[in-house]
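Residue numbers (this note's numbering): 5 to 375.
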Amino acid sequence: MPALSFAPAFSFLTAFSRHPAAHPIRTLIRTTEYKLRPPRPLPFQPSVRTRQDLILAAGKVAAEKGASILRERRTGPVPTIVLGGFVPDATEQVFLLRGFLLKHGSVYYINYPRQGFSIDLVIAQLDDLVEELTTLHGQRPVIFSVSFGAGIVLEWLKRVRREGRQLNLQGTVLISPVACVEDLLVPGEPKPTTLLGRALKPYLETETHIEPGVIDKSRAIFTKMFEAGAQNRESLRVLMTNGELKQLHEAVIGTIRSIDFSGACERVQALRQFEAPSNYFSQELLPLSDAPSLILYSEKESAVITEQSPTRSALESAHRVYFPRSHYRVISNHRGSPVQHASLIFHCFNFLPPISAFYKHVRTGKLLQLA
5 MPALSFAPAF SFLTAFSRHP AAHPIRTLIR TTEYKLRPPR PLPFQPSVRT RQDLILAAGK
65 VAAEKGASIL RERRTGPVPT IVLGGFVPDA TEQVFLLRGF LLKHGSVYYI NYPRQGFSID
125 LVIAQLDDLV EELTTLHGQR PVIFSVSFGA GIVLEWLKRV RREGRQLNLQ GTVLISPVAC
185 VEDLLVPGEP KPTTLLGRAL KPYLETETHI EPGVIDKSRA IFTKMFEAGA QNRESLRVLM
245 TNGELKQLHE AVIGTIRSID FSGACERVQA LRQFEAPSNY FSQELLPLSD APSLILYSEK
305 ESAVITEQSP TRSALESAHR VYFPRSHYRV ISNHRGSPVQ HASLIFHCFN FLPPISAFYK
365 HVRTGKLLQL A
């Protein structure tokens, strides 16, 4: 198998070096603030480890298969816990939103392990972190989740309900949720219709033997997806400086390169365990949470989510059954390239108005109005 080339992913970076970056007022304010107080996510060592220690004590899961948790500490009443998609890491998923999130409180990033993955351990870590914030610090967090991360959150909330427990959350944000295999692959279709479906199908066709070369193909597809969001060069020049663009690219491509064969397989196998929301449409388990919830999809999800996505269908038609205090919206861009799946980096300012309104709502308790 020839070595995987990431040259296409750097093509637009080269193009940017030939143009001076534009600095609209919002970018100037953000970058000035970052110079005065640079973003600095640091490793966070939790004080509450009850649930993860139980899993580790059973001896079936190694600690290395859990997430690393980073924290950017700020004063403020609304901490945020971020769970990203398959890639990039949570820290890059909200690259341009982090300044906004930090205005409300500390931000905790759940970064999945590169070598292996345990959904049980990651959910236990999330459980413990929420308990620590609520019981030791008296703060209810917002759970901010993207794509596969939103699937983890739905799985977590479902398990909590099955156990008869209550969570004390400030709110949940679900962006382009991928909560089951059927969101990516139409059952029985000979060839996947989505890019992500093509990347993941080899992992889902068998549980016993997966060719190691499949990981190279997956990396190429994830790189292509990231590159697709970077096609609007003019927009990017007003979003990021050249230095930020280089930093972001190095981080995202570094993540794609460093996820090993076990890490890729076990992330996909975790998704295989998730149930479509329609499968637990019952009074026994619903609502999943009484906390305010914001559910956002993009106008062009077709590279990732199938037209028949059961998660999108359930949330679009019955989101207030799952989350009684929820708002559902499709994010579009009327002035440029269509908003792609979970495009928080390249369409940050299309997502920001409803997210900003949601945080204002959870802080003040006033009626949420989405423009």
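Glycine is no exception: its CB is placed at the ideal position from the N, C-alpha and C atoms.
Rounded separation between residue i and residue j - CA only
i	j	result
S369	Q312	A small fix is needed here, since residue 369 is Gly in this sequence, not Ser. Distance between the alpha carbons of G369 and Q312 is about 35 Å.
E156	A183	In the sequence as displayed, the identity of residue 156 is Ile instead of Glu. Approximately 7 Å, taken between the alpha carbons.
T259	H338	32 Å
V82	S72	21 Å
V2	V52	The shown model of the chain, from 5 to 375, leaves out residue 2, and the question about it has no answer.
L208	F355	32 Å
L292	V185	20 Å
Y326	S282	10 Å
E135	Q143	10 Å
Y112	L46	9 Å
P206	R166	32 Å
K246	V91	Note on residue identity: the sequence assigns Asn, not Lys, to residue 246. C-alpha separation (whole angstroms): 22 Å.
L106	I85	11 Å
T176	G192	33 Å
T138	Q170	12 Å
A224	I263	13 Å
E163	E288	In the sequence under discussion, the amino acid at residue 163 is Arg, which differs from the Glu named in the question. Spanning the two alpha carbons is a distance of roughly 12 Å.
D220	T227	11 Å
L243	E270	34 Å
E248	A62	43 Å
Y301	R102	20 Å
T315	A280	6 Å
P196	R367	42 Å
G378	S151	In the structure displayed, the chain extends from 5 to 375; residue 378 sits before or after that span and is not available.
H351	P194	33 Å
G80	V190	44 Å
F104	L74	17 Å
L178	V334	12 Å
Cβ-based neighbour list, residue i, same chain, cut-off 6 Å, excluding 5 preceding and 5 following
i	result
H323	I299, S330, Y332
Q251	none
F362	L298
K364	none
K64	none
V272	L204, Y207
D187	I309, S313, T315
Cβ distance (whole Å) where residue i is taken to contact residue j below 8 Å
i	j	result
G120	E68	6 Å
L87	S149	4 Å
R118	E76	With 8 Å as the limit, R118 and E76 do not qualify as a contact, their Cβ atoms being about 21 Å apart.
L199	A318	Not a contact, Cβ separation roughly 23 Å.
Q56	A128	4 Å
E96	V343	About 18 Å; that fails the 8 Å criterion.
H345	I309	6 Å
F278	E159	5 Å
F99	I359	About 14 Å separates the two Cβ atoms, so there is no contact after all.
S266	E303	With a Cβ gap of about 36 Å, S266 and E303 do not count as contacting.
Residue environment, residue i, which counts as buried when at least 16 other CB atoms sit within 10 Å
i	result
R380	Because the chain in this structure spans residues 5 to 375, residue 380 falls outside the shown range and cannot be described.
P296	buried
A66	exposed
Q174	buried
H141	exposed
Y116	buried
F285	exposed
G201	buried
G168	exposed
G217	exposed
A94	buried
A26	With a pLDDT of only 39 at A26, under 50, the local geometry of the prediction cannot be trusted, and the value read off the model is given with reservation. Result: exposed.
E305	buried
L58	exposed
R276	exposed
S321	exposed
P24	The predicted position of P24 is uncertain, since its pLDDT is 36 and thus under 50; no value can be drawn from it.
Other residues of its chain near residue i: CB distance less than 7 Å, five sequence neighbours each side excluded
i	result
A274	F121, I123
D132	P50, V52, R53, T54, R55, Q56
S222	A203, A268
R78	L106, G109, S110
P328	P291, D294
G70	Q56, P117, S122, L125, V126, Q129
L161	L292, S293
N172	T138, R144
L60	A67
Which runs of the alpha helix (DSSP H), 4 residues or longer, sit entirely within the stretch 102-169? 102-106, 123-135, 152-166
Please give the ranges of any alpha helix (DSSP H) in the stretch 47-104, keeping only runs that are unbroken, at least 4 residues long and fully inside the region. 54-61, 94-97
If we require 4 or more residues per run, which alpha helix (DSSP H) segments fall completely within the stretch 284-340? 314-326
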